[in-house]
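To start, the structure itself, in structure tokens.
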Amino acid sequence: MNSTPNLVDTTRSEWLKFRSVRASLIGVLTFFVLTVGLAVLVSFVIKTNWNHRDPARQLVFDPVTTSLVGVFFGQFAAGVMGARFITSEYASGGIRTSLAAVPQRWRLSLSKVIVLLVVFSVLSEIATFLAFSVGQVIYKSGHLPTGSLSNSTDLRAVVFAGVYLVLLTLIGYALGLLLRTTATTISVFVAVLFIVPIIMNFLPSNWQDHVNKFLPSQMGAAMMSPDLTQQAFSWGASALLLTLYTAVLLVVGTVVLTRRDA
Amino acid sequence: MLKIDHLTKRYGDTVAVNDLDFEVRPGVVTGFLGPNGSGKSTTMRIILGLDRPTSGRATINGQTYDQLRAPLREVGALLDAKALDPKRSARNHLRALALANRIPRSRVDEVLEFVGIASVANKKVGGFSLGMSQRLGIAGALLGDPQILLFDEPVNGLDPEGIRWIRDFFRSLAKEGRTVFVSSHLMSEMAVSADEIIVIGRGKFIRSGTVDDLTADAKGTVFVRAADPHALADVLRGAGAEVEGTDDEALSVAGMSAPEIGNAAFAAGIAVHELTPQRASLEDVFMDLTADALEYGHHDAEAS
């Protein structure tokens, strides 16, 4: 009892908190159902209707992106779990117990980030590799074009689809730090990912080309697509910029945490 | 040593804590007494580093709370027994706290056993009664075997048996040489459970001392019956006393002792029939001390 606790101890504590509530298990299952389940469903529908597809669309068929389409649904499960990792503590008042145990608030926040980063790196990569692999098996069985992990571009798309999910988990957490309530945080998260892109559709198209590429969802599309679309940043630039967004939000959120009365 | 050093906390225009300055000694149970909304909880939160003081500071053995590396091993606190994740089991709640402060895992089972909730340790705390939650909160406060313990309104919602248990428990902690700081808005509770009392109202220090100190110099009154109460009342008022008439022609006199009144009556040639000092009750003392605070308290509906 006479040694000084450090970041490892707080991180172990946060890891225990993460895995000791059933909501985490339900969240992980939802995440897999959305990311893998929906991808499988979409791949299956494409395979079934392949022969009715117009030949021009057959030609531009992208077996990689279509098998990863579940990422755009799984991102909500990931973001909600990231957000709830802090907002549930504000809801119950447990944040005060946490801060009394770890008054170095930046350390508490960093520990939460480490837990989310590690857990979701593993989960997201498993999910995207699984979605991709099952998708390719389905396509292959229907004699459709397939992607392959031995192709470095395809491999990159699958890996970065997972990276995108990890970043969005952390964005959810950072928004939770700032907004404190689960409902508000999820509303903002959904608005940024879902509603803002819809609003953008109403802008003049030459504006859209300049603005859309800054949206997280567009960056995600660039990161997990083998082909470069003209109106987006490259996958590498997208990954860097989204990482920058995430880092800025995390820093701002943590600074706010350290300044605010709990 | 727990030291409150010219502590002030403002929320906008409201002053929740106004230049509080006192020390809490080890080895005794110190009561922190004040009406609801008088700043007790705010002071407790500042001690624990949850709220940032506007000025001044609270220190634990010379350090502010956020300078403590393993705070649970120095200060144990129970502020709000229900403020924890309802979906987590009692044991996991305590284990997470133990991990963060490098407290051995075996200690978790020890404190669960000690407060008597070991049998429900694996149950979700959301299903706990208030009494069980209080016990879990106490287990959390004791986890790091700290020398300083803070309890905010610990008897609220407890049954008589629980209240007795908690009083004895505070005494035993103090006897072990620990600092025990307990807030309450109930004077009667403090009278039986605290050795020393610090009274605040509207965020301001009012006074401190033992229970006896507080009652001893409180304004006692003397009940007087005399042959001519009206004449005696004039005489006593002339001597600087506050005199109130009672229904049956008797007088209630404040500001003079019984011998002083007797002497004054003798000098004025008024026969005295009865002369009884009335000792102020603790409740009277408390009401008296915090009367100003209460009057204001009704105007601003400020939370504690």
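Chains as they are written, first to last, in the numbering used here: chain A, 1 to 262; chain B, 1 to 304. The beta carbon of each residue, even a glycine, is placed where N, CA and C say it ideally should be.
For residue i, three-class secondary structure by DSSP
i	result
Arg10(B)	strand
Val118(A)	helix
Leu242(A)	helix
Gln63(B)	strand
Ile117(B)	coil
Thr254(A)	helix
Thr128(A)	helix
Leu78(B)	strand
Lys3(B)	strand
Ala16(B)	strand
Val253(B)	strand
Ser55(B)	strand
Ile148(B)	strand
Phe202(A)	coil
Val155(B)	coil
Phe233(A)	coil
Asp213(B)	helix
Lys112(A)	helix
Asp261(A)	coil
Ser3(A)	coil
Lys123(B)	coil
Sequence-distant residues of its chain with Cβ nearer than 8 Å to residue i (five each side left out)
i	result
Val158(A)	Val64, Leu68, Thr128, Phe129, Phe132, Leu149 and Met224
Ser89(B)	Ala121, Asn122, Lys123, Lys124 and Val125
Gln278(B)	Gly220, Thr221, Val222, Phe223 and Ser252
Asn264(A)	Because residue 264(A) is not part of the residues shown, which for chain A are 1 to 262, the question remains open.
Leu203(A)	Val211
N-terminal and C-terminal residue of the alpha helix (DSSP H) that residue i is part of
i	result
Gly162(B)	Pro160 to Lys175
Ser92(A)	Val71 to Ser92
Ile261(B)	Ala258 to Ala268
Asp209(A)	Ser205 to Val211
Glu196(B)	No alpha helix (DSSP H) holds Glu196(B); the beta strand (DSSP E) holding it covers Glu196 to Gly201.
Arg234(B)	For the record, residue 234(B) in the displayed sequence is Asp; it is not Arg. Residues Pro229 to Gly238.
Val31(A)	The displayed chain sequence assigns Phe, not Val, to residue 31(A). Note, Phe31(A): alpha helix (DSSP H), Arg22 to Phe32.
Gly147(A)	Careful: Gly147(A) lies outside any alpha helix (DSSP H) and carries neither H nor E.
Gly140(B)	Leu130 to Leu142
Gly245(B)	Here Gly245(B) belongs to no alpha helix (DSSP H); instead the beta strand (DSSP E) covers Glu242 to Gly245.
Val45(A)	Leu38 to Thr48
Pro63(A)	Pro63 to Ser67
Asp54(A)	It is not in any alpha helix (DSSP H) - Asp54(A) carries neither H nor E in the DSSP assignment.
Asn92(B)	Ala90 to Ala100
Gln269(A)	Here chain A covers residues 1 to 262 and nothing more, so residue 269(A) does not appear.
Residue range of the unbroken beta strand (DSSP E) whose run includes residue i
i	result
Arg207(B)	Lys204 to Thr210
Phe32(B)	Val29 to Leu33
Pro277(B)	Val272 to Gln278
Val344(B)	One cannot answer for residue 344(B) here, as it falls past the ends of chain B, which runs 1 to 304.
Ser222(B)	Note that residue 222(B) is Val in the sequence shown here, rather than Ser. Val222(B) -> beta strand (DSSP E) spans Thr221 to Ala226.
Ser41(B)	Note, Ser41(B): premise wrong, no beta strand (DSSP E); alpha helix (DSSP H) at Lys40 to Ile47.
Val192(A)	Val192(A) -> no beta strand (DSSP E), and no H or E assigned at all.
Beta-carbon proximity list for residue i, same chain, < 6 Å, skipping 5 on both sides
i	result
Val15(B)	Gly203
Val199(B)	Leu33, Ile206, Arg207 and Leu289
Gly172(A)	Gly79, Gly82, Ala83 and Phe189
Ala177(B)	Residue identity differs from the one stated: residue 177(B) is Gly in this sequence, not Ala. Excluding positions up to five away in sequence, the list reads Pro26 and Gly27.
Ile47(B)	Ala58
Thr30(A)	Ala77
Ile163(B)	Val155
Expected contact under 8 Å - CB spacing of residue i and residue j to nearest Å
i	j	result
Leu150(B)	Met44(B)	6 Å
Ala262(A)	Asn101(B)	With a Cβ gap of about 18 Å, Ala262(A) and Asn101(B) do not count as contacting.
Val28(A)	Leu123(A)	6 Å
Gly140(B)	Leu173(B)	At roughly 15 Å, the Cβ-Cβ gap does not stay under 8 Å, so Gly140(B) and Leu173(B) are not in contact.
Ile197(B)	Val211(B)	6 Å
Ile148(B)	Val75(B)	5 Å
Close Cβ partners of residue i (< 7 Å) along its chain, the five nearest in sequence each way excluded
i	result
Leu50(B)	none
Ala96(B)	none
Ala239(B)	Met256 and Ala264
Arg237(B)	Val243
Gly189(B)	It is worth fixing the name first, because residue 189(B) is Glu in this sequence and not Gly. Around Glu189(B): Val155.
Arg107(B)	Ala98 and Leu143
Contact test: residue i Cβ vs the ligand GTP heavy atom, cutoff 8 Å
i	result
Leu179(A)	This structure simply doesn't include the ligand GTP, nor any ligand for that matter.
Practice problem: With 9 Å as the C-beta to C-beta threshold (strictly closer), list the residues of the region 93-105 of chain A near chain B in chain order. | Solution: Gly93, Gly94, Ile95, Arg96, Thr97, Ser98, Leu99, Ala100, Ala101, Val102, Pro103, Gln104 and Arg105
Quiz item: Listed in chain order, which residues of the region 209-222 of chain A have Cβ atoms closer than 7 Å to some Cβ of chain B?
Solution: none
Quiz item: Got a sec: which bits of the region 10-31 of chain A sit with their beta carbon under 7 Å from any beta carbon on chain B, in order along the chain?
Solution: Thr10, Arg12, Ser13, Leu16, Lys17, Ser20, Val21, Arg22 and Ala23
Self-check item: Interface positions of the region 51-71 of chain B facing chain A (Cβ-Cβ less than 7 Å), listed along the chain
Solution: Asp51, Arg52, Tyr65, Asp66, Leu68, Arg69, Ala70 and Pro71
Practice problem: Using a Cβ-Cβ cut-off of less than 8 Å, give me the residues of the region 124-155 of chain B that come near chain A, in sequence order. | Solution: Gly140, Gly144 and Asp145
Practice problem: Could you run through the region 13-39 of chain B and flag, in chain order, every residue whose CB is less than 9 Å away from some CB of chain A? | Solution: none
Quiz item: What residues in the region 263-278 of chain B bring their beta carbon closer than 8 Å to a beta carbon of chain A?
Solution: none
Quiz prompt | Residues of the region 101-123 of chain B with Cβ closer than 7 Å to any Cβ of chain A, in chain order | solution = Asn101, Arg102, Ile103 and Pro104
Quiz item: Taking any Cβ of chain A, which residues in the region 172-187 of chain B have a Cβ under 8 Å from it, in chain order?
Solution: none
Quiz item: Which of the residues in the region 234-263 of chain B, read from start to end, lie with their CB under 8 Å from any CB of chain A?
Solution: none
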